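Enquirer: Following this message is one structure expressed as C-alpha cells.
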Amino acid sequence: MQKLNDIFSGGGDGDGTTDSFLEDGSEGLCALSTTQRMYGFAASLATGLLLMFLSMIVFGIPIKFALLFTFGNVLAIGSTAFLMGPEQQMSMMFDPVRFLATSIYIGCVVVALICALLVCSCSLIQQPITMF
Numbered sequence: 002m003q004k005l006n007d008i009f010s011g012g013g014d015g016d017g018t019t020d021s022f023l024e025d026g027s028e029g030l031c032a033l034s035t036t037q038r039m040y041g042f043a044a045s046l047a048t049g050l051l052l053m054f055l056s057m058i059v060f061g062i063p064i065k066f067a068l069l070f071t072f073g074n075v076l077a078i079g080s081t082a083f084l085m086g087p088e089q090q091m092s093m094m095f096d097p098v099r100f101l102a103t104s105i106y107i108g109c110v111v112v113a114l115i116c117a118l119l120v121c122s123c124s125l126i127q128q129p130i131t132m133f
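This is how it looks when you write it as C-alpha cells:
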C-alpha cells in the first residue's frame, strides 16, 4: 500500500512520510483507512460500470435504461469520493472552473430520467386495453 500511496502523492523517498490526498481528511465521522478507501473506490467504480453495461443490454426499454445508466454514472463519478472524501469531491465539482460542466451533467441526468418516465407513461396511455 505504501507504493500505491507514493504513486498518488507524486513520488516518495521511502522514508515513510507521505503527503497523499488519500491520507488527507481521514478524520471525522467517516474515517476510513487507505485500504478501505481503495476497496470502496474499486467496488463503487466496478458496480457503476456494470450498471452502465447492463443499461446497454436493455436499451429498448426506456425506463430501465435510464435508471441503470443514471445510477451507473452516479456510482462511477461518486467512486472518487472514496479517495478524496465527499466534501472535497463536491467542492471540486462545484469549483468555478467546473461549475458549468457539473451543471450540464446534472441537468442531463435529470432530463434523461424525466424523458424516460414521460415516454413510459405516454406509451401506457396510447396502448389499447384488450381483454384477451
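The opening position of the sequence shown corresponds to residue 2 in this note's numbering, with each subsequent residue numbered one higher.
Glycine included, every Cβ here is placed at the ideal spot set by N, Cα and C.
This one's a predicted model, so the numbers in the text were calculated from it and none came from an experiment.
1. Is DSSP giving Leu-51 helix, strand or coil here?
2. As a quick exercise: from Ser-56, Ala-82, Leu-101, pick the residue whose alpha carbon is nearest that of Leu-46.
3. Output the residue ranges of the alpha helix (DSSP H) runs that lie fully inside the stretch 51-127 and measure 4 residues or longer, sorted by chain position.
4. Give me, in chain order, the residues of the same chain whose beta-carbon lies closer than 6 Å to that of Phe-72; leave out the 5 immediate sequence neighbours on both sides.
5. In chain order, what residues of the same chain lie with their CB nearer than 6 Å to the CB of Phe-66, ignoring the 5 residues before and after it?
6. How big is the Cα-Cα spacing for Ala-102 and Phe-95?
7. Is the beta carbon of Ala-77 sitting closer than 8 Å to the one on Gly-49?
8. Would you grab the beta carbon distance between Pro-63 and Val-110 for me? Rounded to a whole angstrom, and I think it's under 8 Å.
9. Suppose the cutoff is 7 Å on Cβ atoms and the five residues either side in sequence are ignored; what does the same chain contact list for Leu-30 look like?
10. Out of Ala-117, Thr-36, Val-75, state which residue places its alpha-carbon closest to the alpha-carbon of Ile-107.
11. Please report the Cβ distance between Ser-80 and Phe-42, rounded to the nearest whole angstrom; I am assuming they are in contact, meaning their Cβ atoms lie under 8 Å.
Expert: Looking at the coordinates:
1. Here Leu-51 sits in helix by DSSP.
2. Taking only the C-alpha atoms, the option nearest Leu-46 is Ala-82.
3. Entirely contained in the stretch 51-127, the alpha helix (DSSP H) runs reaching 4 residues are, in chain order, 63-79, 81-85, 87-94, 100-127.
4. Cβ-Cβ distances below 6 Å link Phe-72 to Leu-52 in the same chain, with the five nearest sequence neighbours on each side left out; the list follows chain order.
5. The answer, listed in chain order, is Ser-56, Val-59, Phe-60.
6. Each residue's alpha carbon lies about 9 Å from the other.
7. Result yes, Cβ atoms of Ala-77 and Gly-49 sit closer than 8 Å.
8. Beta-carbon to beta-carbon, Pro-63 and Val-110 are separated by about 15 Å, too far to satisfy the 8 Å threshold.
9. Residue placement at Leu-30 is flagged as unreliable, the pLDDT there being 43, under the threshold of 50; the coordinate-derived value follows with that caveat. Sequence-distant Cβ neighbours of Leu-30 in its own chain, meaning closer than 7 Å and more than five residues away, do not exist here.
10. When C-alpha distances from Ile-107 are compared across Ala-117, Thr-36, Val-75, the shortest belongs to Val-75.
11. Between Phe-42 and Ser-80 the Cβ distance is about 5 Å, and since that is below 8 Å, they are a contact.
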